[in-house]
Amino acid sequence: MTDTTESTGGDNELPSTDATALDRLKRFGGGKLLGEMISLFIVAAPERIAAARAGLDAHDANATEMALHSLKSSSAQLGAMKMQRLSEAGERLAHGGSLDGVDSIVQDLAREFPRIQQWLETSRNAETPQ
Amino acid sequence: MNTVAVVEDNADNRLLLQAILDGLYEVVEYENGVDALAGLAAHLPDLVLLDISLPGMDGNEILARIRADETLRRLPVIALTAHAMAGDREKYLAAGFNDYITKPIVDETLLLGAMEKWIAAGRAGTI
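Chains Y and V, in that order, give the protein sequences. If you're matching positions, the first sequence starts at 477 in this note's numbering and goes up one per residue. If you're matching positions, the second sequence starts at 8 in this note's numbering and goes up one per residue.
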């Protein structure tokens, strides 16, 4: 795996993914850790997006902030850079007590996730031939 | 082997720390503050890695309770957090954390170096 990045356009043309994060996880714990981290993220990320949305529906800035904070951290560890940026932007808004604008960020996260899931699953399968 | 208590609600972060610390430390995991405080009192570790954003009792409150407890107060406690805005490091050190490591973990040697340093300080009684 190389340190290539993939731009998906938009978001000021910043990269959507950072493969060096996956290399790092392999260094920490080999392909086994990488596979397990990817599996956990694929399950947890939609749950955190749903929790952020539930917080918005309940006008609960703290719950929204907590969900986006967790998503930011996990996204960063797995190289999902656009998801990290979106989560951080939403977290900052919610931390300030305002949920204005967070709804569109959560929608962007939901749109970005399937692309990240595909990228991570491809990366995992490349490590462990099926 | 020294024992490290990891207080972290996210399974992915616990898994990552297990991998990094495997073979170096005995790791005891807690998912929330209530379990952590009870566990720390029952089995005193050599160091605590404490997440800040936890549901219910957050890391700041857990630290305050550790520092207020006669048995636990000299435990080395490192904040492990994705709160990495300007001024956060100073804020956490002022609150009584011994050190501050940001997530995502990019350079594990920073974490391991800080752990080694503060476990030694704890043993030397300089905390």
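Note that beta-carbon positions come from the ideal geometry of N, C-alpha and C, so glycine has one too. Please read these numbers as outputs of a predicted model, since none were measured by experiment.
Minimum Cβ-Cβ distance from residue i to chain Y less than 9 Å
| i | result |
| --- | --- |
| Leu22 (chain V) | yes |
| His50 (chain V) | no |
| Val41 (chain V) | no |
| Lys98 (chain V) | no |
| Asn17 (chain V) | yes |
| Lys110 (chain V) | yes |
| Asp115 (chain V) | One point to set straight first is that residue 115 (chain V) is Glu, not Asp, in the sequence displayed. It does; some Cβ of chain Y falls within 9 Å. |
| Ala127 (chain V) | no |
| Ala89 (chain V) | yes |
Beta-carbon spacing of residue i, residue j below 9 Å
| i | j | result |
| --- | --- | --- |
| Ala552 (chain Y) | Ala528 (chain Y) | no |
| Val35 (chain V) | Pro52 (chain V) | yes |
| Ser549 (chain Y) | Asn67 (chain V) | no |
| Gly507 (chain Y) | Glu597 (chain Y) | no |
| Ala71 (chain V) | Leu47 (chain V) | no |
| Asn521 (chain Y) | Met559 (chain Y) | Per the sequence shown, the amino acid found at residue 521 (chain Y) is Ala instead of Asn. Yes, the Cβ-Cβ distance between Ala521 (chain Y) and Met559 (chain Y) is below 9 Å. |
| Glu15 (chain V) | Asp58 (chain V) | yes |
| Ala537 (chain Y) | Gly577 (chain Y) | no |
| Leu87 (chain V) | Leu44 (chain V) | no |
| Leu575 (chain Y) | Ile525 (chain Y) | no |
| Leu56 (chain V) | Ile108 (chain V) | yes |
| Glu33 (chain V) | Met8 (chain V) | yes |
| Leu119 (chain V) | Leu31 (chain V) | yes |
| Leu516 (chain Y) | Leu22 (chain V) | yes |
| Ile27 (chain V) | Gly505 (chain Y) | yes |
| Leu54 (chain V) | Ile73 (chain V) | no |
| Asp65 (chain V) | Gly103 (chain V) | no |
Endpoints, the alpha helix (DSSP H) within which residue i is located
| i | result |
| --- | --- |
| Val582 (chain Y) | 578-603 |
| Asp536 (chain Y) | Run containing Asp536 (chain Y): none; DSSP gives neither H nor E here. |
| Tyr99 (chain V) | 95-102 |
| Thr10 (chain V) | Not the alpha helix (DSSP H): Thr10 (chain V) falls in the beta strand (DSSP E), residues 10-14. |
| Val41 (chain V) | 40-49 |
| Asp19 (chain V) | 18-28 |
| Glu77 (chain V) | No alpha helix (DSSP H) holds Glu77 (chain V); DSSP gives it neither H nor E. |
With 16 other Cβ atoms within 10 Å as the buried cut-off, status of residue i
| i | result |
| --- | --- |
| Ser599 (chain Y) | buried |
| Glu564 (chain Y) | buried |
| Asp533 (chain Y) | exposed |
| Ser580 (chain Y) | exposed |
| Leu117 (chain V) | exposed |
| Thr493 (chain Y) | buried |
| Thr133 (chain V) | exposed |
| Met92 (chain V) | exposed |
| Gly531 (chain Y) | buried |
| Asn20 (chain V) | buried |
| Gly94 (chain V) | exposed |
| Gln594 (chain Y) | exposed |
| Ala49 (chain V) | exposed |
| Ala89 (chain V) | buried |
For residue i, the first and last residue of its enclosing beta strand (DSSP E)
| i | result |
| --- | --- |
| Leu554 (chain Y) | It is not in any beta strand (DSSP E) - Leu554 (chain Y) carries neither H nor E in the DSSP assignment. |
| Leu54 (chain V) | 54-58 |
| Ile108 (chain V) | 106-109 |
| Ala86 (chain V) | 84-88 |
| Ala91 (chain V) | From DSSP, Ala91 (chain V) is part of no beta strand (DSSP E); its letter is neither H nor E. |
| Glu33 (chain V) | 33-37 |
Closer than 9 Å to chain V by CB, residue i
| i | result |
| --- | --- |
| Gly505 (chain Y) | yes |
| Arg500 (chain Y) | yes |
| Phe517 (chain Y) | yes |
| Ser574 (chain Y) | no |
| Gln593 (chain Y) | no |
| Ala520 (chain Y) | yes |
| His535 (chain Y) | no |
| Ala497 (chain Y) | yes |
| Met513 (chain Y) | yes |
| Met542 (chain Y) | yes |
Assumed close pair residue i, residue j - CB separation to whole angstroms, cut-off 8 Å
| i | j | result |
| --- | --- | --- |
| Leu498 (chain Y) | Leu510 (chain Y) | 6 Å |
| Glu567 (chain Y) | His545 (chain Y) | 5 Å |
| Pro83 (chain V) | Ala128 (chain V) | 6 Å |
Chain B within 9 Å of residue i, Cβ atoms only
| i | result |
| --- | --- |
| Lys548 (chain Y) | This model lacks chain B altogether, as its protein chains are Y and V. |
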